[in-house]
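S.K.:
2 protein chains.
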Amino acid sequence: MENHWKMWNAECAALEPEREILALEITTQMADKWLLWTLSVLAEEGSPLRFSRIMERVEGVSQKSLTKTLRQLERDGLVTREMFPEVPPRVEYTITELGLGMLEHVRPLWLWTVQNLENFERARRKYDERRG
Amino acid sequence: MENHWKMWNAECAALEPEREILALEITTQMADKWLLWTLSVLAEEGSPLRFSRIMERVEGVSQKSLTKTLRQLERDGLVTREMFPEVPPRVEYTITELGLGMLEHVRPLWLWTVQNLENFERARRKYDERRG
DNA sequence: CGGGATCCTACCGGATACTG
DNA sequence: CAGTATCCGGTAGGATCCCG
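Chain order of the listed sequences is A and B.
When we follow my numbering, the leftmost residue of the first sequence carries the number 626, and every step to the right adds one.
When we follow my numbering, the leftmost residue of the second sequence carries the number 626, and every step to the right adds one.
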């Protein structure tokens, strides 16, 4: 991961490279295949959710990918993980305030995109005409 | 590309699957390695920029990746491409209103992330302590 | 100059099998 | 149940060469 956006975000020009990389990592992770879906499932629930319940709601995800996704979310403080030493084991995930804040700040971008869908569709049609 | 976020964006529940996929594609592309940097370079300039000028400013990008990035941007109407049949050839790229709008709507997310960097750093430190 | 074509590598994510 | 370990195909992206 390198030093993107450098000149763009003048506000953050003073940001140390290392921290800029972190910020970049956080934001780009949001585009990971299952991340936002997983996060939004937890947000919807509001209360703790077991691994298997999450997996049911995030349709199509593999355990491997869900585990990886939840690890990332936990690592960045967007989700908390609590393990109960029972048999069979129980693990519960809960979205944090930070996680809710993230969703809150992603949504406007998503809504704007949806509102401009016709622009995007038109652009793609024109492009396909030009190129074939 | 599948049917993510399904339940999350209640506002868009009525969205046809195909259009949801498009919206998802548009937004997740923003995390592509060179896309936002390229777009921001064009936004900064404001006026048309030649391929090689862009490549200078987006430090580290290969021609292949820059070409691919610009094609995507052009395809989605975020950038226009004008070719001049000269020798040697000249190609100019210009950001569109749609492109500027996109940047405008990505920036709040970026700023929020930067403002919460210490939260993320703290979360990662704690995580590393727990896990090692 | 602005790419296209090709080769190569790293990594992502799915499928499957195994385990505390 | 909630993972970990392993294999594997597809793809993103860098490097290089070539062409109008």
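Quick reminder that beta carbons are idealized off the backbone N, C-alpha and C, glycines included.
Owing to the predicted nature of the structure, the values given are computational and were not obtained by experimental measurement.
1. Ile651 of chain B versus chain A: which residues are under 8 Å apart at the beta carbon?
2. Could you tell me the alpha carbon to alpha carbon distance between Phe709 of chain A and Gly671 of chain B, rounded to whole angstroms?
3. Can you give the Cα-Cα distance for Arg644 of chain A and Leu742 of chain B, rounded to whole angstroms?
4. When the Cα atoms are used, what is the spatial distance from Phe676 of chain A to Arg755 of chain B?
5. Considering just the uninterrupted stretch of the alpha helix (DSSP H) at Met680 of chain A, what are its terminal residues?
6. Are any of the Cβ atoms in chain B nearer than 8 Å to that of Glu717 of chain A?
7. Below 8 Å between beta carbons: does that hold for Thr663 of chain A and Thr694 of chain A?
8. Based on the DSSP output, what are the partners of Phe709 of chain A in its beta bridges?
9. Tell me where the alpha helix (DSSP H) around Thr692 of chain A begins and ends.
10. Starting from the beta carbon of Glu699 of chain B, find every residue of chain A whose beta carbon is closer than 7 Å, and list them in chain order.
11. Helix, strand or coil for Lys751 of chain A per DSSP?
M.R.: The relevant details are as follows:
1. By Cβ distance, chain A contributes Thr738, Phe745.
2. Taking the straight line from one Cα to the other gives about 56 Å.
3. Cα to Cα, the separation comes out at about 7 Å.
4. Their backbone Cα atoms lie some 20 Å apart in a straight line.
5. Counting along the chain, the unbroken alpha helix (DSSP H) around Met680 of chain A starts and ends at 676-682.
6. The Cβ of Glu717 of chain A sits no closer than 8 Å to any Cβ of chain B.
7. Note that the C-beta distance between Thr663 of chain A and Thr694 of chain A is below 8 Å.
8. In DSSP, Phe709 of chain A forms a bridge with A:Arg715.
9. Per DSSP, the continuous alpha helix (DSSP H) segment holding Thr692 of chain A begins and ends at 688-700.
10. From the beta-carbon of Glu699 of chain B, the residues of chain A found nearer than 7 Å are Tyr752.
11. In the three-state reduction of the DSSP assignment, Lys751 of chain A falls in the helix class.
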